[in-house]
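Just so we're aligned, residue 1282 is where the sequence shown starts under the working numbering, counting upward by one.
Note that CB positions come from ideal geometry on N, CA and C, so glycine has one too.
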Amino acid sequence: MRIDNYLYLCSQNDKKLKRYTLFLLFSLWLTAVLAQPKYEVRAVWLTTLGGLDWPKNYAHDGMGIQQQKEDLCRMLDQLKTINVNTVLFQTRVRATSAYPSDIEPWEGSFSGVSGKTPGYDPLQFAIEECHRRGMEIHAWVVAIPIGKWNTAGCKWVRKWYPSLVKRIGEEGYMNPEAYGTADYIANICEDITTRYDIDGIHLDYIRYPETWRGSKSHENITRIVRRVNERVKMHKPWVKMSCSPIGKSGNLSRYRSGGWDAYNRVAQDAQGWLRDGLMDQLYPMMYFSGNNFYPFAIDWQEQSHGRTIISGLGTYMLHPHERNWPLAEVKRQLSVTRQLGIGHCHFRTKFLLDNVKGIYNYMLQNDCHPALIPPMTWAQSIAPIAPTRLNIERTQRGDNLSWSGAIDRSDGSYLLYNVYASTEEQVDITRAENLIATRQRASQLSIRHNSSQRPLHYAVTALDRYGNESQPIYSSTKAPAVVVQTELLPNNGHLLAVPQRNLFDADLLLVCDLQGRTIKTFTNRSQLNIGQLPEGMYLLKSLNKKGYTHRLGYFSIKRK
């Protein structure tokens, strides 16, 4: 059952919908189980506003500080167990900060008093602990809302920058129509970027308030995004720019947004920001179900312009005090987005770790292998030099690995390492199940392994801050055989002729980049319209109803 046919039946309320739906869900589940991708963003929003996710106590003294640190470490350990690789850490809350800022006062959820230091730097601690576990951490910056009119953050901005503040009811907002707002928010993001070893800046609520009266200009919001991008990238071009737009970009040809979408309602031109290179990732807040989710997920991916899309999942909707969704709804969303090549991000961390309706247990199965974060090839595509001299010391408790020889980049960033293991002498680094450690900083690793079991063979690669991976060095002198595809599939830059071999059971055709990420999905046909794809090299694969894929060949797009 093809996704486009499924959506058509949904729109027609076909009597066969239930049967086809069950078939589709089984097919998607089987696909996810059989083929967990090597590249996929798996993220959480970690909210510090009011301690909703963390912290749960105030740091009045040394014991309070220690308790906050232990609680965060425990949460990160739980996230690591389900192979979460990205943490969006709420850093600017409501014109208040989770770090010692010279621009805005302290967020009160750490010390219990707004403007008062908790006695340590929560952002720095979170960065160290995320990196220790091989996770990326992005500074989550709430851009426009600055809290109730008389709260500490709002009062501070009103005092020093009154022309930048807009009052709507009892709430204060940064005024997107004031030119100084772009510089103010950019100053905050630049401060965080230059002082901390973050992996991304994540802009939240980068839009007009939904209660705004009067006209709204896309350019006012885009001006803020552009200014932040310039300030961040001038210092660290590998830091990812992302945001969390409303979950529907706009009306689709067959599905309406219901009046609540990013472009028309609050002037977020998020897909344009991808097109213009202002964003590296998008985390659309897709807290919907059924036809309010699936068609719009496809739209986000089709308009990704080669950047990374991560679906914001309404995990909190599982809670009985919210929408009381069945777990099956989130399972469906995870399966469909994986087939589309989209990552996933849970809102919020607490609902995931509380295992509401078994969601944490399900993620143990759904994401049972680690995944790498898709590389920013649009910013930098040159792979680093591979490590050298991989040594293995085998002991009764396991294997001690050490390596050397990878060279740091000259742009001020540093290299990380991925480690693969297999009982087969030819370690296949394209398979996610062989990944055992990602984004390691040290050039050594100890692996617990029973000496009575078959010995493990290893491969180590270097990873730059853009996500580009080097060639591997193997623990065995016998490297995997490389099959070279010499004949490319013919195309004229607009139409691609599909080879008809092995296509009798194919349900879908997948166009992937060379990292294996699905760029575009087609139904089975003899010719594909590739006119919207940018120039470059691609892989064409087929996907059948049982979830099996077959490589049909590579093709290169070059236009005069």
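Identity of the residues DSSP links to residue i by a beta bridge
| i | result |
| --- | --- |
| Trp-1421 | Gln-1371, His-1483 |
| Arg-1323 | His-1625 |
| Ser-1378 | Arg-1373, Trp-1387 |
| Ser-1523 | His-1483, Gln-1562 |
| Phe-1577 | Paired residue(s): none; Phe-1577 is not in a bridge. |
| Ser-1592 | His-1625 |
| Ile-1838 | Gly-1817 |
| Leu-1791 | Thr-1802, Lys-1822 |
| Ile-1666 | Looking at the DSSP assignment, Ile-1666 forms no beta bridge with any residue, so it has no partner. |
| Leu-1653 | Tyr-1320 |
Reduced DSSP category for residue i - H, G, I as helix; E, B as strand; rest coil
| i | result |
| --- | --- |
| Pro-1601 | coil |
| Phe-1391 | helix |
| Ala-1762 | Bear in mind that the predicted position of Ala-1762 carries a pLDDT of just 43, short of 50, making it unreliable; the figure below should be weighed with that in mind. Reduced to three states, the DSSP call for Ala-1762 is coil. |
| Ala-1687 | coil |
| Asn-1825 | strand |
| His-1499 | helix |
| Ala-1700 | First, the residue type needs correcting, since residue 1700 is Val and not Ala in the sequence shown. DSSP places Val-1700 in strand when its eight states are reduced to three. |
| Phe-1803 | strand |
| Ile-1427 | strand |
| Ile-1754 | strand |
| Ile-1811 | coil |
| Arg-1678 | coil |
| Ala-1660 | coil |
| Pro-1399 | coil |
| Thr-1630 | helix |
| His-1412 | helix |
| Met-1844 | With the chain covering only 1282 through 1841, there is no way to say anything about residue 1844. |
| His-1831 | strand |
| Asn-1642 | helix |
| Leu-1311 | Bear in mind that a pLDDT of 49 at Leu-1311, under 50, signals an unreliable position, so the number given afterwards is only what the model happens to contain. Leu-1311: helix per DSSP, three-state reduction. |
| Leu-1404 | helix |
| Asn-1286 | Note that Asn-1286 scores 44 on pLDDT, short of 50, meaning its location in the model is unreliable; the coordinates nonetheless yield the value given after this. Looking at Asn-1286 - three-state DSSP - the assignment turns out to be helix. |
| Thr-1767 | Note that Thr-1767 scores a pLDDT of 46, beneath 50, so its modelled location is shaky and nothing firm can be said. |
| Ile-1505 | helix |
| Leu-1533 | coil |
| Ala-1778 | strand |
| Cys-1291 | In this prediction, Cys-1291 scores a pLDDT of 46, lower than 50, which makes its location untrustworthy; the coordinate-derived value is nonetheless stated afterwards. Here Cys-1291 sits in helix by DSSP. |
| Asn-1636 | coil |
| Asn-1366 | coil |
| Asn-1772 | strand |
Check whether residue i and residue j have beta carbons under 8 Å apart
| i | j | result |
| --- | --- | --- |
| Pro-1457 | Ile-1505 | yes |
| Val-1368 | Cys-1411 | yes |
| Glu-1511 | Ser-1570 | no |
| Leu-1795 | Leu-1820 | yes |
| Leu-1555 | Met-1522 | no |
| Ala-1667 | Ala-1743 | yes |
| Asn-1364 | Val-1322 | no |
| Cys-1524 | Ile-1487 | yes |
| His-1775 | Ile-1811 | yes |
| Ser-1685 | Thr-1711 | no |
| Phe-1370 | Leu-1327 | yes |
| Val-1226 | Tyr-1575 | Because the chain here runs from 1282 to 1841, residue 1226 falls outside it and cannot be looked at. |
| Ala-1433 | Thr-1377 | yes |
| Val-1325 | Leu-1360 | yes |
| Thr-1676 | Phe-1632 | no |
| Asp-1844 | Ser-1530 | The first residue shown for the chain is 1282 and the last is 1841, placing residue 1844 beyond what the model contains. |
| Ile-1673 | Leu-1682 | yes |
| Tyr-1755 | Ser-1724 | no |
| Ala-1459 | Ser-1444 | yes |
| His-1516 | Thr-1462 | no |
| Ala-1548 | Ser-1498 | yes |
| Arg-1439 | Gly-1622 | no |
| Ser-1837 | His-1831 | no |
(message) Across the region 1482-1502 and the region 1374-1394, are there enough close Cβ pairs to call them in contact, namely three or more that are closer than 8 Å?
(response) The region 1482-1502 is not in contact with the region 1374-1394.
(request) Inspect the CB distances between the region 1553-1563 and the region 1601-1615 and report whether three or more fall short of 8 Å. (result) Touching, no, given that fewer than three Cβ pairs across the two stretches are closer than 8 Å.
(request) Identify every run of the beta strand (DSSP E) within the region 1319-1363, keeping only runs that are complete inside it and at least 3 residues long; order them along the chain. (result) Counting only runs of 3 or more, we get 1323-1327.
(request) Please go through the region 1440-1482 and give each complete beta strand (DSSP E) segment of 3 or more residues, from N-terminal end onward. (result) For the region 1440-1482, whole beta strand (DSSP E) runs of length 3 or above, ordered along the chain, are 1446-1449, 1452-1455.
(message) Quick check for students: name the residue ranges of the beta strand (DSSP E) that lie wholly in the region 1713-1749, counting only runs of 3 or more.
(response) 1716-1721, 1725-1729, 1738-1744, all fully within the region 1713-1749.
(request) Inspect the CB distances between the region 1741-1748 and the region 1657-1664 and report whether three or more fall short of 8 Å. (result) Yes, they touch.
(message) Would you call the region 1577-1594 in contact with the region 1612-1626, where contact means no fewer than 3 C-beta pairs closer than 8 Å?
(response) Touching, per the Cβ criterion.
(message) Taking contact to mean 3 or more Cβ pairs, one atom from each stretch, closer than 8 Å, check whether the region 1691-1707 and the region 1720-1738 are in contact.
(response) Segments in contact, yes.
(message) With three or more C-beta pairs closer than 8 Å as the rule, is the region 1445-1459 touching the region 1405-1420?
(response) The answer is no - the region 1445-1459 does not touch the region 1405-1420, with fewer than three Cβ pairs under 8 Å.
(message) Check whether the region 1416-1432 and the region 1474-1487 touch, using three or more Cβ-Cβ pairs below 8 Å as the test.
(response) Contact between the region 1416-1432 and the region 1474-1487 is present, because at least three Cβ pairs lie under 8 Å.
(request) Pair every Cβ in the region 1394-1402 with every Cβ in the region 1337-1349, then say whether three or more of these pairs are closer than 8 Å. (result) Here the region 1394-1402 lies against the region 1337-1349, with 3 or more beta-carbon pairs under 8 Å apart.
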